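Below is one structure, written out as structure tokens, with a few remarks after it.
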Amino acid sequence: QETFYISHGTPLMAIDKSVQARPFLEGWKEKVLSKKPKSILMISAHWETDVPTVNAVHHSDLVYDFYGFPAPMYQLKYPAPGAPHLARRIQEVLTASGLKCAVDNKRGLDHGSWVPLRLMYPEASIPVCQLSVQSNLDATHHYNLGRALAPLKEE
Numbered sequence: 001q002e003t004f005y006i007s008h009g010t011p012l013m014a015i016d017k018s019v020q021a022r023p024f025l026e027g028w029k030e031k032v033l034s035k036k037p038k039s040i041l042m043i044s045a046h047w048e049t050d051v052p053t054v055n056a057v058h059h060s061d062l063v064y065d066f067y068g069f070p071a072p073m074y075q076l077k078y079p080a081p082g083a084p085h086l087a088r089r090i091q092e093v094l095t096a097s098g099l100k101c102a103v104d105n106k107r108g109l110d111h112g113s114w115v116p117l118r119l120m121y122p123e124a125s126i127p128v129c130q131l132s133v134q135s136n137l138d139a140t141h142h143y144n145l146g147r148a149l150a151p152l153k154e155e
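In full-length UniProt numbering, the protein residues as written are 1 to 155.
Okay, structure coming up:
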């Protein structure tokens, strides 16, 4: 399995067909990753916490964490199931690696996750969970976080 960094670009990409990154994300399944993943972990720069925190929900509500955009942006939906099973595994592997990990049983997906996912997997059938970042900590922390999460790719 692969790990990908995907920028959401402008949130307007969700409704503006002229955004140049749209065709790439819309063609994701055909051109990049044809095998459907069992679940998806999105690590979002739009969710900052003091310790790594994973959302463990059965249904991911959307967080409209932007302001001043056209009204249709606030009506968009992405009804993907949550991935509480993946959230538990994330907590297990991080804790086993000596890292703290909190669980949030309410947090939905912010636009850093749902904007690209709506284009990549519009059917919204793949379970998704989100992990926060710690902007107050250094690159070594985030590198170690990635190392601890790496074995999950094989699951």
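In this text, a Cβ means the ideal position worked out from N, Cα and C, and glycines have one as well. For clarity, every value in this text was computed on a predicted model and none was experimentally measured.
From the options, pick the residue whose C-alpha is nearest to that of residue i; which is it?
i	options	result
Leu41	Leu137, Arg22, Leu119 and Gly112	Gly112
Pro116	Leu62, Ala83, Val57 and Ser97	Leu62
Val103	Glu92, Lys29, Ala80 and Trp28	Glu92
Pro52	His142, Lys38 and Pro84	His142
Ala148	Ser39, Asn136, Leu99 and Glu155	Leu99
Asp16	Pro70, Asn136, His46 and Ile126	Pro70
Leu120	Thr10, Ala83, Phe24 and Asn105	The displayed chain sequence assigns Met, not Leu, to residue 120. Comparing Cα positions, the closest option is Phe24.
Lys29	Pro122, Tyr64, Asp65 and Thr10	Pro122
Gln130	Glu155, Glu26 and Trp114	Trp114
How would you write the range of the alpha helix (DSSP H) that residue i sits in, first residue to last?
i	result
Leu152	Unbroken run through Leu152: none, as it is neither H nor E.
Glu30	Trp28 to Lys31
Using C-beta distances below 6 Å, list every residue in its chain close to residue i, excluding the 5 sequence neighbours before and after it, in chain order.
i	result
Ala80	Ser60, Ala124 and Val128
Ile90	Val54
Ser97	Ala148
Leu33	none
Leu76	Ala14
Only counting the same chain, and skipping five residues up and downstream in sequence, which positions put a Cβ closer than 7 Å to that of residue i?
i	result
Thr95	Cys101
Pro37	Ile126
Tell me where the beta strand (DSSP E) around residue i begins and ends.
i	result
Leu131	Val128 to Val133
Between residue i and residue j, how many whole angstroms is the CB-CB distance? I'm expecting something under 8 Å.
i	j	result
Ser44	Asp110	6 Å
Arg118	Ala21	That belief does not hold up - the Cβ atoms of Arg118 and Ala21 are roughly 13 Å apart, past 8 Å.
Gly82	His46	Rounded, the Cβ-Cβ distance is 17 Å, inconsistent with contact.
Asn105	Ala56	6 Å
Taking 8 Å as the limit between beta carbons, can you name the residues of its chain near residue i, skipping five residues before and five after?
i	result
Gln134	Glu48, Thr49, Asp50, Val51, Pro52, His141 and His142
Leu152	Leu41, Leu86, Arg89, Ile90 and Val93
Glu2	Leu33 and Lys153
Tyr64	Met73, Tyr74 and His111
Strictly under 8 Å for the Cβ-Cβ distance: is residue i near chain D by that measure?
i	result
Val133	Of the protein chains in the structure, only one exists, and it is not chain D.
Item to check | 4-residue-minimum alpha helix (DSSP H) runs that sit fully inside the region 42–112, ordered along the chain | outcome: As far as the region 42–112 is concerned, its whole alpha helix (DSSP H) runs of at least 4 residues are 84–96.
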